[in-house]
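Accompanying notes for the structure given below.
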Amino acid sequence: MPRNITSLVGKSAYLGCRVKNLGNKTVAWIRHRDLHILTVSTYTYTTDQRFQTTFHRDIDEWTLQIKWAQKRDAGMYECQVSTQPVKSFSVNLNIVDSISEDKSSHLQQYYNDDAFYMSSDRLYQGQDDEFSALYGPIQTVAVPTATILGGPDLYVDKGSTINLTCAIKFSPEPPLYIFWYHQDKVLSDDSTRGGISFIMSKGDGIKSILLIENADLTDSGKYSCYPSNTDIASIRVHVLNGERPEAMQTSTATSSLQAQTRSYKLLAFLSLIYSQLRMYYHLQGFYVTSTHGLFLHSIR
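Mapped onto the working numbering, the consecutive letters of the sequence shown carry residue numbers 1 to 300.
Structure, rendered in structure tokens:
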């Protein structure tokens with residue numbers, strides 16, 4: 001029975017293979033879907049540098065790490081020991097989609113307590129309390145998320161600069177890359193359009209800023225921010241040629257009505273306070289002769 005491991009999109013996935021009494025034998029990690037040798041001992045045999053194996057001498061474990069795990073990384077992996085015949089142990093990796101912030105941004109990872117041993121030339125699975133204690137519920141981790149500020153729609157005037165900021169939260173380390181797309185085309189600062197630049201900020205969180213100078217009507221459309229360790233975030237940009245879109249007109253009318261309503265409420269509140277003051281001073285033996293100021297006269 002293969003061991004089941006669950007990891008999050010954008011997080012590192014760890015596949016453990018514990019081998020005791022290895023001697024002069026070697027340990028290799030192989031991906032089942034294409035039978036590709038990923039690592040042998042601690043050497044990586046793939047051009048995808050997200051894969052690496054670490055040997056933990058204190059527990060005799062060879063751990064395959066997959067950095068910035070993606071959905072395509074899901075599947076069966078096999079730990080092989082170079083015995084004759086070859087002994088192997090399989091791990092089934094599940095990659096879970098990130099959880100939206102409006103629900104829950106946390107997920108617990110669990111590993112079972114299967115262990116992998118070698119005794120002389122015999123290899124077998126077994127239970128081990130030390131292994132279980134090490135790989136019990138590991139921790140609660142936040143899922144990295146990306147958001148483009150000011151969305152879902154942004155209106156800019158023709159000739160102005162489009163300024164989009166992609167903010168990345170809950171990321172323990174900077175993403176390997178951040179791509180920007182207009183519609184389905186990746187943007188580059190050396191494109192023939194010109195006037196495109198990117199700024200990376202790591203001060204208050206991780207932010208990628210896209211600047212497009214001298215906006216034209218052809219620059220309208222969907223823009224997407226695609227970091228290596230989160231889902232894609234998108235915004236729709238509308239470049240205006242002096243016109244005012246219906247959505248903005250509705251927004252302006254609504255704001256005006258809200259301001260008018262607040263004014264009425266304020267006048268009603270002040271009127272109530274004035275009435276209460278008149279009653280109070282009347283009971284104290286005074287009366288008010290002006291509504292523009294409190295001029296008090298004794299009635300005694």
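Just so you know, even glycine gets a beta-carbon here, dropped at the ideal spot from N, CA and C.
Assignment of beta-bridge partners to D73 by DSSP yields no partner. With contacts defined as CB atoms closer than 8 Å, S224 and S234 qualify as a contacting pair. In this structure, L22 keeps its C-beta atom at 8 Å or more from the C-beta atom of L64.
Following the DSSP letters along the chain, one finds I5 inside the beta strand (DSSP E) bounded by residues R3 to L8. Where G16 is concerned, the enclosing beta strand (DSSP E) starts and stops at A13 to R18. Residue environment: H36 is assigned as exposed (fewer than 16 neighbouring CB atoms within 10 Å of its CB, all protein chains considered).
Non-local beta-carbon contacts of H56 in its own chain, meaning distances under 6 Å to residues more than five positions away in sequence, are absent. When the beta-carbon positions are compared, K71 and R50 stay at least 8 Å from each other. In the displayed model, T218 falls within a helix according to three-state DSSP.
Distances from the CA of T6 to each of A74, N24, Y43 and I178 were compared; the closest alpha carbon is that of A74. Annotation: the continuous beta strand (DSSP E) that includes S197 extends over I196 to S201. Per DSSP, reduced to three states, the secondary structure at Q276 is helical.
Distance from the Cα of I59 is smallest, within the candidate group R33, V19, S82 and S220, for V19. Taking L266 as the centre and dropping the five residues before and after it, the same chain places no C-beta closer than 8 Å to its C-beta. Annotation for K87: the continuous beta strand (DSSP E) segment containing it runs K87 to V96.
Closest option to C17, judged by alpha-carbon separation, among P2, G195, L8 and V186: P2. Of all alpha-carbon atoms in P85, G194 and T26, the one lying nearest the alpha-carbon of L210 is that of G194. Each of K202, N4 and R236 was checked against the Cα of H182, and the nearest Cα belongs to R236. L266 sits in a helix when the DSSP states are folded into three classes. According to the DSSP assignment, R236 belongs to the beta strand (DSSP E) that extends over A233 to L240.
Note on geometry: alpha-carbon atoms of C166 and T230 lie some 11 Å from one another. The C-beta of K222 has fewer than 16 other C-beta atoms within 10 Å across all chains shown, which makes the residue exposed. According to the DSSP assignment, D157 belongs to the beta strand (DSSP E) that extends over D153 to D157. With respect to the 8 Å criterion, V27 and W62 are classified as neighbours on the basis of their beta carbons. R31 is bridged by DSSP to H36 and Y77.
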